[in-house]
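Student: Below you'll find the structure I mean.
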Amino acid sequence: MAAPSSALVARDLTKRYGDTTALESLDLDVAPLIDPTDGEAFVAGTPSSNRRELVDQIGLLPEEPPLYDELTGREQLQFAADLRDRSWESVADRALEFCDALDLTADLDRRIEGYSTGMRQKAAFVQAVQHDPDVVFLDEPTNGLDPRAAKTLRELILDLAAADTTVFLSTHILPVVEEIADEVGVLHDGRLVAEGSPAELVADAEREAGADLEDAFLALTSEPEAAWQPQP
Numbered sequence: 004m005a006a007p008s009s010a011l012v013a014r015d016l017t018k019r020y021g022d023t024t025a026l027e028s029l030d031l032d033v034a035p036l037i038d039p040t041d042g043e044a045f046v047a048g049t050p051s052s053n054r055r056e057l058v059d060q061i062g063l064l065p066e067e068p069p070l071y072d073e074l075t076g077r078e079q080l081q082f083a084a085d086l087r088d089r090s091w092e093s094v095a096d097r098a099l100e101f102c103d104a105l106d107l108t109a110d111l112d113r114r115i116e117g118y119s120t121g122m123r124q125k126a127a128f129v130q131a132v133q134h135d136p137d138v139v140f141l142d143e144p145t146n147g148l149d150p151r152a153a154k155t156l157r158e159l160i161l162d163l164a165a166a167d168t169t170v171f172l173s174t175h176i177l178p179v180v181e182e183i184a185d186e187v188g189v190l191h192d193g194r195l196v197a198e199g200s201p202a203e204l205v206a207d208a209e210r211e212a213g214a215d216l217e218d219a220f221l222a223l224t225s226e227p228e229a230a231w232q233p234q235p
């Protein structure tokens, strides 16, 4: 079977944890970082099972940043580069550019155990994008950030997208989605119940809800899945 050419592809994807179904027969442009129970997924045309090849193509910022308290911020970024068989020299300029934008550079030689929640989030974001991946997965990326840093990070995400990086954003902060997302998928009980641009989702749900994405989300997840139909 030829691999799809889209950056992120899922076909009939299902993932269960015991009796809990997290995803059920999902068809969407996404890709998992864990093995699916059923179905298949591709990232930039590469099967998700081929992790050795994918490690250099993707960046990941999970909800709990994977940082080592014993390391300094600089050592953490160097370690992340080593994991991808990249030299620090090959990613340093890009990494330090992100650190400068996020006001983290002055703290790079401090141990991470002394970092605040926001500083840890910044370091985790930089290590997710410093190797210039094709696809970036960000889970609640503005967690712990003050308003100024959160605004800067949103701008950096927009810059990534403008540079042809595919950014997959998982968040419950709907104003952030409305500001930066081109395409939105709404998951409810493991099923994709709506997909489209923020404006399209608001327009489709506006008959029963209000005029913003939060109202659209509430309408789409409180009604039966079959009740949602995109407007022509």
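Each position in the sequence shown, counted from 1, maps to that position plus 3 in the working numbering.
By construction, the Cβ of each residue, glycine as well, lies at the ideal position given by its N, Cα and C atoms.
In this text the structure is predicted, and so the values were computed from the model without any measurement.
1. By DSSP's criteria, Ala165 is part of a beta bridge. Which residues make up the other side?
2. Asp167: buried (16+ other C-beta within 10 angstroms of its C-beta) or exposed?
3. Is the Cβ-Cβ distance between Pro68 and Ala164 less than 8 Å?
4. Count the CB pairs spanning the segment 172-179 and the segment 137-151 that are closer than 8 Å, and state whether there are at least three.
5. Do you know how far the Cα of Leu99 is from the Cα of Glu181?
6. Spatial neighbours of Ser225 within its chain, please: CB distance less than 7 Å, with the 5 preceding and 5 following residues excluded, ordered by chain position.
7. Quick check on DSSP: helix, strand or coil for Val132?
8. Out of Asp215, Asp149, Leu216, which has the shortest C-alpha to C-alpha gap to Asp106?
9. What does a CB cutoff of less than 6 Å around Glu217 pick up in its chain, not counting 5 residues either side in sequence?
10. How is Ser173 classed by DSSP in three states: helix, strand or coil?
11. Going by the DSSP bridge assignment, what does Ala153 pair with across the sheet?
12. Kindly list the residues whose CB is nearer than 8 Å to the CB of Gly121, restricted to its own chain and excluding five residues on each side of it in sequence; keep chain order.
13. Quick one: which unbroken alpha helix (DSSP H) runs of 4-plus residues sit fully inside the segment 73-99? Chain order, please.
14. Should Thr23 be labelled buried (16 or more other beta-carbon atoms within 10 Å of its own) or exposed?
Tutor: Result, derived from the coordinates:
1. Among the bridge pairs identified by DSSP, Ala165 is matched with none.
2. Exposed, because fewer than 16 other Cβ atoms sit within 10 Å of the Cβ of Asp167.
3. Contact flag unset, no.
4. Contact annotation: the segment 172-179 touches the segment 137-151, with at least three C-beta pairs closer than 8 Å.
5. Cα to Cα, the separation comes out at about 29 Å.
6. Apart from sequence neighbours up to five positions away, no residue of its chain approaches Ser225 with a beta-carbon distance below 7 Å.
7. Reduced to three states, the DSSP call for Val132 is helix.
8. It is Asp149 whose Cα lies nearest to the Cα of Asp106.
9. By the criterion of a C-beta distance shorter than 6 Å, Glu217 is surrounded in its chain by Leu177, once the five residues flanking it on both sides are discounted.
10. In the structure shown, Ser173 sits in a strand (DSSP, three-state: E or B).
11. Per DSSP, Ala153 has no beta-bridge partner at all.
12. Take Gly121, set aside five residues on each side of it, and the residues of its chain with a beta-carbon closer than 8 Å to its own are Gly147, Leu148, Asp149, Ala152, in chain order.
13. Fully enclosed alpha helix (DSSP H) runs of 4 or longer: 76-86.
14. Thr23 is exposed by the Cβ-count criterion.
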